[in-house]
Amino acid sequence: MATDWLTPAVVALLAGGAGSALTTVVKARVDLRKARMDEERQPVELESVFIGGAEKAVQALQVALDRAESTITRLENSLTERDEKLADRDRRIAELENELTKTLARLAQLQDRCEQLTTRLAELRDERPAGGV
Numbered sequence: 001m002a003t004d005w006l007t008p009a010v011v012a013l014l015a016g017g018a019g020s021a022l023t024t025v026v027k028a029r030v031d032l033r034k035a036r037m038d039e040e041r042q043p044v045e046l047e048s049v050f051i052g053g054a055e056k057a058v059q060a061l062q063v064a065l066d067r068a069e070s071t072i073t074r075l076e077n078s079l080t081e082r083d084e085k086l087a088d089r090d091r092r093i094a095e096l097e098n099e100l101t102k103t104l105a106r107l108a109q110l111q112d113r114c115e116q117l118t119t120r121l122a123e124l125r126d127e128r129p130a131g132g133v
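The UniProt record's numbering numbers the first residue of the sequence shown as 1 and each following residue consecutively.
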């Protein structure tokens, strides 16, 4: 018969070879799928790295902005304080200028009075008799 060669030993050998071949094919397919999954994961992992880097950059910018805002606030306060001091100084200068104007006016009055008294004294000396005390 044509199937005489299919003895149990041959069937076992064929089954073992087929099983081994099937195992090899399955293993190859598993390896292929694993390789594809790894390839698909790499962009995701890179995205994760990029996102993490971007988050750190944003945090660094936020810290820098906070520091800048703090510096700006401090400088604004300093300028406000300086402006107040300058305004006080300007008021004091205006007061001193006003006092100087008043003092100069008073000095002019005193000079006029002094000239009047000097003139009066000269008149009195001229009116006095030349020989008498």
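Don't be surprised by glycine CBs; every beta carbon is placed ideally from N, CA and C. Nothing here was measured: the structure is a model prediction, and the numbers come from that model.
Which value, in whole angstroms, describes the spacing of the CA atoms of residue i and residue j?
i	j	result
A28	E39	16 Å
N77	D83	10 Å
M1	K34	Only weak support exists for where M1 lies, its pLDDT of 49 falling under 50; the value from the coordinates is given anyway. Near 47 Å, if we compare the C-alpha coordinates of K34 and M1.
R89	E123	50 Å
C114	L75	56 Å
Q111	E97	21 Å
M37	E55	27 Å
R92	R120	41 Å
D31	A57	38 Å
L61	T80	28 Å
D66	A105	58 Å
Q109	T118	14 Å
L107	L86	31 Å
A68	T101	48 Å
I72	A64	12 Å
Q59	G52	11 Å
Under 8 Å from any heavy atom of the ligand ATP, does the C-beta of residue i make it?
i	result
D126	For the structure depicted, the ligand ATP is absent and the ligand set is empty, with no information on it obtainable.
Applying the criterion that 16 or more other CB atoms from any shown protein chain within 10 Å of the CB defines a buried residue, is residue i buried or exposed?
i	result
D126	exposed
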